[in-house]
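Peer 1: Sending over a structure as structure tokens; questions will come in a sec.
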Amino acid sequence: MAAPQGFEAFVAEASPSLFRAAWVLTRDAQAAEDLLQETFARMYVSWRDRRPIDQPVAYARRTLVHLHIDRGRRRWRSEVVTDDLPDAPRGDHAPLGDRVVDEVALAEALARLEPADRVVLVLRYLLDLSVADVAHTLEISDNAVRTRSHRASARLRDLLGEDFRPTPAPTPLSQRST
Amino acid sequence: MSQPEHDLMTRLAASAPPTPDVLDGSLRRGRVLRLRRTAWRGAAAGTGVAALATVAVFGAARLAPSEPPTASPNDGASATQSGSVAAVPKGRDPRQIAAELLAPYGTISGWSKGNTPPGTDLYSFTLTDAKGAAGVDILLGDHGQTNPSCLPDIEGCMPMAEGGFSAVITDQTHEAQPGTNHSWGDISGYVNRADGHQVAATFWNSLEPEGPGVRDQPALTAEQVRAFLTDEAWAEAAFPGPDDGLPEPPVGGVDMLGPDGTIQRS
């Protein structure tokens with residue numbers, strides 16, 4: 316299928332990072348692919364009508380997270396947030412900070428965050444956006460981003476306990492005991 | 043960055059499956075969305091409400107040719123997006139109606155049925171006349187309006203005697219393709235019928251949407267497209283069921299009409 320000039324290249328370039336973000340947000344390959352398709356479909360309309368999109372990557376990011384929030388509202392309304400993590404198979408262990416945390420437990424903990432807080436974490440720590448860029452993406456204030464980010468981190472700490480804490484700074488060689 | 047949040051995100055992202063190829067699906071959805079918005083603007087401007095929920099048109103992948111439809115009536119079943127068979131509303135097969143209405147203009151081949159948002163059915167085929175072959179897309183759905191009427195800002199709009207209106211748009215935004223002098227694009231149009239149904243179609247001058255032009259003009263003129271869309275034969279067509287309001291699944295494949303008349307997922 317032919318595409319407007321430049322659109323195909325943009326999709327190829329932007330897809331990997333957007334898909335990873337969609338995957339972390341949804342933890343469902345089909346839902347993530349659906350989010351990505353819908354994001355690019357909306358951009359196609361502008362592209363096709365030759366209405367230039369300023370900063371298309373940022374536009375795509377914004378579209379994707381808003382689609383995710385909009386689509387999830389109905390489902391999230393029926394979600395019950397609890398403090399208890401379900402028992403999860405513990406097989407794929409890897410270090411998080413100086414601890415070992417099961418990936419499934421991580422995903423479950425993330426899923427228990429408020430949706431808006433979850434999105435803030437993805438934008439800040441997966442896509443490495445600044446507070447200002449996250450604020451622009453979500454159309455909220457910088458302070459709101461900081462508040463949500465802090466709240467999300469605190470919540471993860473509650474859910475994961477000692478498994479979730481800042482990685483200690485490495486001890487300088489000169490101070491290490493031999 | 044050493045924050046545990048960053049580590050968490052990195053680990054979760056690392057477990058993501060390979061990035062799928064979403065280009066074709068995005069283009070297909072985008073084309074549906076584009077005319078949907080065109081029709082939506084026209085409706086919202088006159089009624090003050092966002093009445094349209096599920097509407098119209100545009101492109102599917104141009105596919106390898108399959109058998110043209112037979113003149114048999116709708117068998118009452120079609121493939122769903124998951125590939126299973128589900129009941130569809132009674133009525134004549136839209137492909138049969140299209141084939142009959144377009145018979146005076148050329149030969150039809152390569153029918154396919156593409157995946158589109160819920161509540162819409164999109165059919166694609168090739169129409170060949172003495173000037174060459176060109177793609178055609180037809181999409182059926184509901185426009186959601188109670189009394190569709192022609193409004194000043196609906197481009198190419200004409201009221202129909204039996205209620206509703208037709209709108210035909212000539213799109214000349216395509217660029218000249220390398221190796222061809224054919225830069226003209228397509229003619230598309232839609233009919234918002236009084237019964238709530240919408241029929242939309244795009245006639246291209248290329249084999250695939252926005253592909254290299256293979257002829258100067260589409261096979262039908264704007265007025266012929268309007269006549270095709272407003273024909274009362276569409277009143278008998280089997281329209282898709284209503285949109286269930288759920289997010290649509292990714293468009294990962296295309297339904298094609300097989301030699302035995304069944305629709306198979308590619």
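Quick mapping for you: the protein sequence lines, in order, are chains D and B.
Going from the first sequence to the numbering used here is simple: count from 1 and add 315.
Going from the second sequence to the numbering used here is simple: count from 1 and add 42.
Even for Gly, the Cβ is constructed at its ideal location relative to N, Cα and C.
From a predicted model like this one, the values you see are computed outputs, not experimental measurements.
1. Taking B/Val178 and B/Ala243 to be in contact with their CB atoms under 8 Å, please state how far apart those CB atoms are, rounded to whole angstroms.
2. Quick one: does B/Thr52 have its CB under 9 Å from some CB of chain D?
3. Please confirm whether B/Gln123 has its beta-carbon closer than 9 Å to some beta-carbon of chain D.
4. Would you verify that the beta carbon of D/Thr354 is, or is not, closer than 9 Å to some beta carbon of chain B?
5. How is B/Glu109 classed by DSSP in three states: helix, strand or coil?
6. If you compare alpha carbons, which of B/Glu250, B/Gly227 and B/Gly238 is closest to B/Pro260?
7. For D/Thr294, which residues of its own chain have a beta-carbon under 8 Å away from its beta-carbon, when the five flanking residues on both sides are left out?
8. Would you say D/Arg427 reaches chain B, if we count a Cβ-Cβ gap shorter than 9 Å as a contact?
9. According to a CB-to-CB cut-off of less than 8 Å, which residues of the segment 162-190 of chain B neighbour chain D?
10. From B/Ala129 to B/Phe281, what distance separates their C-alpha atoms?
11. Is D/Tyr359 helix, strand or coil by DSSP?
12. Based on the DSSP output, what are the partners of B/Tyr147 in its beta bridges?
13. Decide if the segment 361-376 of chain D is in contact with the segment 318-328 of chain D; the criterion is three or more beta carbon pairs, one per stretch, under 8 Å apart.
14. Counting contacts by CB-CB distance shorter than 9 Å, is D/Arg405 in contact with chain B?
15. Excluding the 5 residues flanking B/Ser248 on each side, which residues of the same chain have their C-beta closer than 7 Å to its C-beta?
16. In chain B, what lies closer than 7 Å to D/Ser445 by C-beta?
17. Assuming B/Gly206 and B/Ala236 are in contact, meaning their beta carbons sit under 8 Å apart, how far apart are those beta carbons, in whole angstroms?
18. With burial defined as no fewer than 16 other Cβ atoms inside 10 Å of the residue's Cβ, what is the status of B/Asn234: buried or exposed?
19. State the Cα-Cα distance for the pair D/Gln320 and D/Phe355, rounded to the nearest angstrom.
20. Please specify which runs of the beta strand (DSSP E), each continuous and at least 3 residues long, are wholly inside the segment 161-220 of chain B, giving them in chain order.
21. So which of B/Met202, B/Asp184, B/Leu182 and B/Asp171 has the shortest CA-CA distance to B/Ser191?
22. Which chain D residues sit within Cβ distance under 7 Å of B/Thr61?
23. How about D/Arg463 and D/Glu429: do their beta carbons lie closer than 9 Å?
24. From the DSSP output, in three-state form, read off B/Thr244 for me.
25. The beta strand (DSSP E) spanning D/Val446 covers which residue range?
26. Check whether the Cβ atoms of B/Ala58 and D/Phe334 lie closer than 9 Å to each other.
27. So which residues on chain B does D/Glu323 lean against when the C-beta distance must stay under 8 Å?
28. DSSP three-state label for B/Arg235, please.
29. Less than 9 Å between the beta carbons of D/Leu425 and D/Leu471, yes or no?
30. Can you tell me whether B/Pro46 is buried or exposed? The criterion is at least 16 other CB atoms within 10 Å of its CB, across all chains shown.
31. Excluding five sequence neighbours on each side, which residues of the same chain lie with their C-beta closer than 7 Å to the C-beta of D/Arg439?
32. Consult DSSP for B/Ala230 and reduce its assignment to one of helix, strand or coil.
33. Classify B/Lys155 as buried or exposed, calling it buried when 16 or more other Cβ atoms lie within 10 Å of its own Cβ.
34. I'd like to know whether the C-beta atoms of B/Ile150 and B/Leu169 end up nearer to each other than 9 Å.
35. Let me check understanding here. Comparing Cα to Cα, which of D/Pro331, D/Val360, D/Ser361 and D/Trp338 lies closest to D/Arg433?
36. In this structure, does DSSP put B/Arg53 in helix, strand or coil?
Peer 2: Reading off the structure:
1. 7 Å
2. yes
3. Note on B/Gln123: pLDDT 37, under 50, position unreliable in the model; the coordinate value appears next. No, because no Cβ of chain D sits closer than 9 Å to the Cβ of B/Gln123.
4. yes
5. Residue placement at B/Glu109 is poorly supported in this model, since its pLDDT is 39, which falls under 50; the coordinates still yield a value, given next. Looking at B/Glu109 - three-state DSSP - the assignment turns out to be coil, as it is neither helix nor strand.
6. B/Gly227
7. Since the first residue shown for chain D is 316 and the last is 493, residue 294 of chain D is missing from the structure and cannot be characterised.
8. no
9. none
10. In this prediction, B/Ala129 scores a pLDDT of 49, lower than 50, which makes its location untrustworthy; the coordinate-derived value is nonetheless stated afterwards. C-alpha separation (whole angstroms): 12 Å.
11. helix
12. Answer is none; B/Tyr147 lacks a bridge partner.
13. yes
14. Summary for D/Arg405: the model assigns pLDDT 39, below 50, so the residue's position carries little reliability, and this model does not support an answer.
15. Ala176, Gly177, Pro254, Gly255 and Val256
16. The premise fails here: D/Ser445 is roughly 12 Å from chain B at the closest Cβ pair, so nothing lies under 7 Å.
17. 4 Å
18. buried
19. 14 Å
20. 163-171, 174-184, 199-201 and 206-213
21. B/Met202
22. Ser330, Pro331 and Phe334
23. yes
24. strand
25. Unbroken run through D/Val446 is the alpha helix (DSSP H), Val446 to Leu453; no beta strand (DSSP E).
26. yes
27. Leu65
28. strand
29. yes
30. buried
31. Val449 and Ser464
32. Note on identity: in this sequence residue 230 of chain B is Ser, with Ala being the wrong assignment. Three-state result, B/Ser230: strand.
33. buried
34. yes
35. D/Trp338
36. helix
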